[in-house]
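Engineer:
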Amino acid sequence: MLGCVRIATVRQMAQVITGEESDGRSYVRRAMVELTELGLAETNGKDGKHQIWNLTPAGQKALADGNELPARPKAGTGAKAVRAGFGPHAVAVTDTILAYTDTVLGGRREYLTDWQVEVNHAIKETGLSFNTDAVLAVPTKTSEVRLFELDNGSMSRARLAKEVWDYERYAGHRVWEGARGTIGGTYPFWQRHRYTRSKTFPRLHVVLAGMAEHLLDNRLQALTAAVQGITIAVWANTLPRLQRGEPWYEIGVDDPHERRARYPEPVGR
């Protein structure tokens, strides 16, 4: 689990590895002590009273050597994020992953290996670069991809809205392809260089957490107004509602034709 989500508390790990009616926190604590003694895991901070755990570089290497997960050579351990004070945000991302797995994917734990966290999306030519908190790639025939952005109540409403609009700017960027001297054509950057098997730009899920529920609802309403007219599919929810299995709110609809009209065509060679 730590290899997938990088950061987790004992409560979260027990939620994954123990039965529905069981409390496996004592077992997990003993296991983490053993992994620490072996130099494979460590704790670098707390979320409230709860220690936050992550693998060490040696732990990641042991996991990779065992072929338990797809190769992720650039993945960090998460230790720096915890030491920098981002532990509560990362714990909320893990809660989002577990809640989505439980309520939408039917609790099938094998889907945990299909998640990646802190996935960079960048376009060198425009300078646009941002990290998606979590990406789910369900192994279906269409290689279904879902993007997740978690707001733990630590940023302004304007900044949150800008982060959502960054996804449209990413989706709207097109590149020119063709041999020199030919007419050539343009293609969406994401479809050529990132999600090559997806027919539509992956849906963005925005999850709001870190506040009382009535404040999260106010934040959701403000975000809905701020992204009105966006041309990518955006679904939003609060973490408590997601954990209860309540439906998502659709606040943005995929519209590739309007998106293409909104962003300039690249100049051919």
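To convert, take the position in the sequence shown, counting from 1, and add 29; that gives our numbering.
Beta carbons: idealized from backbone N, C-alpha and C, even for Gly.
Quick one: grab the DSSP three-state call for Y278.
Structural biologist: Y278 falls in the strand class under three-state DSSP.
Engineer: Out of R58, T65, I36, T123, which has the shortest C-alpha to C-alpha gap to I81?
Structural biologist: Per the Cα distances, I36.
Engineer: Check E71 in the structure and name its three-state DSSP category.
Structural biologist: In the structure shown, E71 sits in a strand (DSSP, three-state: E or B).
Engineer: Could you say if the region 124-137 and the region 67-78 meet the contact criterion of at least three C-beta pairs nearer than 8 Å?
Structural biologist: No: fewer than three Cβ pairs fall under 8 Å.
Engineer: Quick one: complete alpha helix (DSSP H) runs, 4+ long, within the region 236-291?
Structural biologist: For the region 236-291, whole alpha helix (DSSP H) runs of length 4 or above, ordered along the chain, are 242-255, 268-272, 285-291.
Engineer: Going by the beta-carbon positions, is the gap between P117 and D76 smaller than 7 Å?
Structural biologist: Yes, the pair counts as a contact, with Cβ atoms nearer than the cut-off.
Engineer: Could you tell me whether the region 248-258 touches the region 185-202, using the rule of 3 or more Cβ pairs below 8 Å?
Structural biologist: Touching, yes.
Engineer: Select from I152, G156, A43, T161 the residue whose C-alpha is nearest the C-alpha of W144.
Structural biologist: Ranking I152, G156, A43, T161 by Cα distance to W144 puts T161 first.
Engineer: The alpha helix (DSSP H) with E192 in it runs from where to where?
Structural biologist: Element bounds for E192: 186-201.
Engineer: If distances are taken between C-alpha atoms only, which option among T130, L157, I152, G32 comes closest to G95?
Structural biologist: Minimum Cα distance to G95 is reached at G32.
Engineer: Quick check: what's the CA-CA separation for L176 versus D52?
Structural biologist: Distance between the alpha carbons of L176 and D52 is about 31 Å.
Engineer: Identify whether R58 lies in helix, strand or coil by the three-state DSSP scheme.
Structural biologist: R58: helix per DSSP, three-state reduction.
Engineer: So, is E287 buried or exposed, given that buried needs 16 or more other C-beta atoms within 10 angstroms?
Structural biologist: With fewer than 16 other Cβ atoms within 10 Å, it is exposed.
Engineer: Drop a sphere of 10 angstroms on the beta-carbon of P217, count the other beta-carbons inside from all chains shown, and report buried for 16 or more, exposed for fewer.
Structural biologist: Classification of P217: buried, given that the 10 Å Cβ count is 16 or more.
Engineer: Out of curiosity, what's the CA-to-CA distance linking R270 and G214?
Structural biologist: Going by the C-alpha atoms only, they are around 44 Å apart.
Engineer: Once DSSP output is grouped into helix, strand and coil, what is the label at I126?
Structural biologist: I126 falls in the helix class under three-state DSSP.
Engineer: Can you tell me whether Q257 is buried or exposed? The criterion is at least 16 other CB atoms within 10 Å of its CB, across all chains shown.
Structural biologist: So Q257 ends up on the exposed side.
Engineer: Reducing DSSP to helix, strand and coil, say where I36 ends up.
Structural biologist: It is coil, neither helix nor strand.
Engineer: Going by CA-CA distance only, name the one from R138, L165, I46 that's closest to E147.
Structural biologist: Per the Cα distances, L165.
Engineer: Report the residue from T38, R203, T130 whose alpha carbon sits nearest the alpha carbon of P293.
Structural biologist: Measuring from the Cα of P293, the nearest candidate turns out to be R203.
Engineer: In the DSSP output, what is Q80 paired with across the bridge?
Structural biologist: According to DSSP, which records beta bridges pairwise, Q80 is partnered with K75.
Engineer: Going straight from the alpha carbon of V39 to that of G281, what length do you get?
Structural biologist: Cα to Cα, V39 sits roughly 36 Å from G281.
Engineer: State buried or exposed for E197, treating a residue as buried only when at least 16 other CB atoms are found within 10 Å of its CB.
Structural biologist: That one is buried.
Engineer: Return yes when the Cβ of T132 is within less than 7 Å of the Cβ of G274, no when it is not.
Structural biologist: Yes, these two residues count as a Cβ contact at 7 Å.
Engineer: With D162 as the anchor, note down where its beta strand (DSSP E) starts and where it stops.
Structural biologist: 157-166 is the span of the beta strand (DSSP E), which, as asked, contains D162.
Engineer: Under the three-state reduction of DSSP, which class applies to G114: helix, strand or coil?
Structural biologist: DSSP places G114 in helix when its eight states are reduced to three.
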